[in-house]
Amino acid sequence: MTGVTLVLDLPAWLTAGQRDTISALAERNDAAHGDDLLGLVLSGSAARGLATERSDLDVVVVLTDDAAEGRSTDKSPEVDEIVDSWSELTTVPPFGTEHWWSRWSYAWAPVLLDRTGGELAAAVRRLATVTPEEADAVLIEHDRLDGWVNFAYRALKSVRDGRSLEARLDAAESVPWLLDVVFTMAGRVRPYNKYLAWELRTHPLEDWPADELLGLVERSLDGDADALRETFARVRAACAAYDDRRGHTRTTDMVDGWRDQLAVFEDRA
């Protein structure tokens with residue numbers, strides 16, 4: 043396949059300079075690897091149309107396992123050339139493992155070149171998708187739901203007892219747990235903080251309108267007791283809907299297991 047003109051599917055928002063950089067990278071890798079070059083994926087800010095004059099390009103070069111053996115990430119001011127072997131790309135790291143954090147880098151990431159007949163594009167989508175079984179594990183086995191309830195509960199107790207600093211600290215710490223819960227229930231990997239508002243507005247969550255969720259997050263970061271209580275009511279409703287879809291009651295049971303301690307969420311304690 044070396045020597046054949048490469049046809050790249052480049053997003054319309056890329057600048058002429060970015061297009062030239064990607065085309066040169068593609069041609070260089072095609073010349074070096076031929077049929078072992080399986081595809082290219084754009085990630086980072088440029089992939090989401092959020093690049094600034096300070097942004098570089100993040101391009102994932104997908105190679106066969108043998109070809110990737112002698113390659114590593116190559117960084118320059120213009121482009122980070124990130125090498126993925128086919129085995130790496132098609133391995134889905136579970137929540138809590140070393141490479142879980144990298145899964146969102148493939149969310150909404152344009153595939154610029156796919157020589158696998160669509161398998162590469164499917165692998166990219168899979169990395170950013172949480173299966174129902176994975177969702178159960180994240181929410182229940184890894185305690186992200188219980189953890190959010192715990193931090194929100196502690197924050198509300200501190201509000202009740204007049205400890206404003208402690209309330210703000212626990213409320214702020216609850217936010218990452220909340221976002222894991224919200225995105226996991228939607229079957230998606232939680233975005234990096236930098237891209238949270240962008241994802242919510244560009245790829246809305248059905249039950250969490252962007253401005254409403256972002257507002258609750260901001261108010262929670264301030265230790266706002268009403269925000270925590272409003273969020274709890276929405277999370278509880280989300281659990282009922284999630285359990286209904288899954289055909290079990292596990293998330294509802296987890297929340298109900300707090301029993302009388304839930305009174306703090308209703309301003310009764």
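Counting with the numbering used here, you get residues 43 to 311 for the letters of the sequence shown.
Quick reminder that beta carbons are idealized off the backbone N, C-alpha and C, glycines included.
Nothing here was measured: the structure is a model prediction, and the numbers come from that model.
Where does residue 121 sit, in a helix, a strand or coil, going by DSSP?
-> Residue 121 sits at position 79 when you count from the first residue of the sequence shown. Correct three-state label for residue 121: strand.
Alpha-carbon spacing of residue 111 relative to residue 131, whole angstroms | For this step, residue 111 is matched to residue 69 along the sequence shown. For this step, residue 131 is matched to residue 89 along the sequence shown. Here the C-alpha atom of residue 111 lies approximately 14 Å from the C-alpha atom of residue 131.
Going along the chain, which residues of its own chain have a beta-carbon closer than 7 Å to the beta-carbon of residue 272, five neighbours each way excluded?
-> In the sequence shown, counting from the first residue as 1, residue 272 sits at position 230. Only 258 meet the Cβ criterion.
Spatial neighbours of residue 274 within its chain, please: CB distance less than 7 Å, with the 5 preceding and 5 following residues excluded, ordered by chain position.
-> Counted from its first residue, the sequence shown places residue 274 at position 232. Answer for residue 274: 194 and 307, listed in chain order.
Straight-line gap, residue 157 to residue 225 (C-alpha atoms, nearest Å) = In the sequence shown, residue 157 corresponds to position 115, counting from 1. In the sequence shown, residue 225 corresponds to position 183, counting from 1. The alpha-carbon atoms of residue 157 and residue 225 are separated by roughly 31 Å.
Is there contact here, the stretch 177-197 with the stretch 92-107, by at least three beta-carbon pairs under 8 Å?
-> Cβ pair count under 8 Å is below three, so no.
Just confirm the distance between the C-beta atoms of residue 289 and residue 197, as a whole number of angstroms; I'd bet it's less than 8 Å.
-> Along the sequence shown, read from residue 1 onward, the residue named residue 289 stands at position 247. Along the sequence shown, read from residue 1 onward, the residue named residue 197 stands at position 155. Contact between residue 289 and residue 197 is ruled out by a C-beta separation of about 33 Å, above the 8 Å threshold.
Distance CB(residue 231)-CB(residue 172) smaller than 8 Å = Within the sequence shown, numbered from 1, the residue matching residue 231 stands at position 189. Within the sequence shown, numbered from 1, the residue matching residue 172 stands at position 130. Their beta carbons are under 8 Å apart, which means residue 231 touches residue 172 by this criterion.
Span separating the alpha-carbon of residue 276 from that of residue 59 = Taking the first residue of the sequence shown as position 1, residue 276 is located at position 234. Taking the first residue of the sequence shown as position 1, residue 59 is located at position 17. Taking the CA atoms as reference points, residue 276 sits about 45 Å from residue 59.
Through-space distance from residue 204 to residue 169, alpha-carbon basis | Reading the sequence shown from its first residue, position 127 is the one you call residue 169. Reading the sequence shown from its first residue, position 162 is the one you call residue 204. Put simply, the backbone Cα of residue 169 is about 44 Å away from that of residue 204.
Considering residue 153, what are the terminal residues of the alpha helix (DSSP H) in which it resides?
-> Along the sequence shown, read from residue 1 onward, the residue named residue 153 stands at position 111. Unbroken run through residue 153 is the beta strand (DSSP E), 153-156; no alpha helix (DSSP H).
Indicate whether at least one CB of chain D lies closer than 8 Å to the CB of residue 295.
-> Going by chain labels, chain D is absent from the structure shown, which holds only one protein chain.
Hey, out of 53, 293, 285 and 114, whose CA is closest to residue 152's CA?
-> Within the sequence shown, the letter at position 110 stands for residue 152. For the residues 53, 293, 285 and 114, the minimum Cα distance to residue 152 belongs to 53.
What residue ranges within the stretch 245-299 form continuous alpha helix (DSSP H) runs of no fewer than 4 residues, ordered along the chain?
-> Counting whole runs of 4 or more residues, the stretch 245-299 contains the alpha helix (DSSP H) stretches 252-263, 267-288 and 292-298.
7 Å Cβ shell around residue 75 - same chain, five flanking residues per side excluded = Taking the sequence shown and counting its residues from 1, the one referred to as residue 75 is at position 33. Closer than 7 Å at the Cβ level, and outside the excluded window around residue 75, lie 105 and 109.
Grab me the residues of residue 86's own chain with a C-beta within less than 6 Å of its C-beta, minus the 5 sequence neighbours each way, in chain order.
-> Within the sequence shown, residue 86 is the residue found at index 44, counting from 1. Closer than 6 Å at the Cβ level, and outside the excluded window around residue 86, lie 100.
N- and C-terminal bounds of the beta strand (DSSP E) containing residue 102 = Position 60 of the sequence shown holds residue 102. Going by DSSP, residue 102 is part of the beta strand (DSSP E) stretching over 99-105.
What does residue 127 pair with, by DSSP beta-bridge criteria?
-> Position 85 of the sequence shown, counted from the first residue, corresponds to residue 127. According to the DSSP secondary-structure assignment, residue 127 is paired through a beta bridge with 105.
Three-state secondary structure (DSSP) at residue 43?
-> Counting from one through the sequence shown, the residue named residue 43 turns up at place 1. Legend: pLDDT at residue 43 = 40, less than 50; position of this residue unreliable, value from coordinates given subsequently. Three-state result, residue 43: coil.
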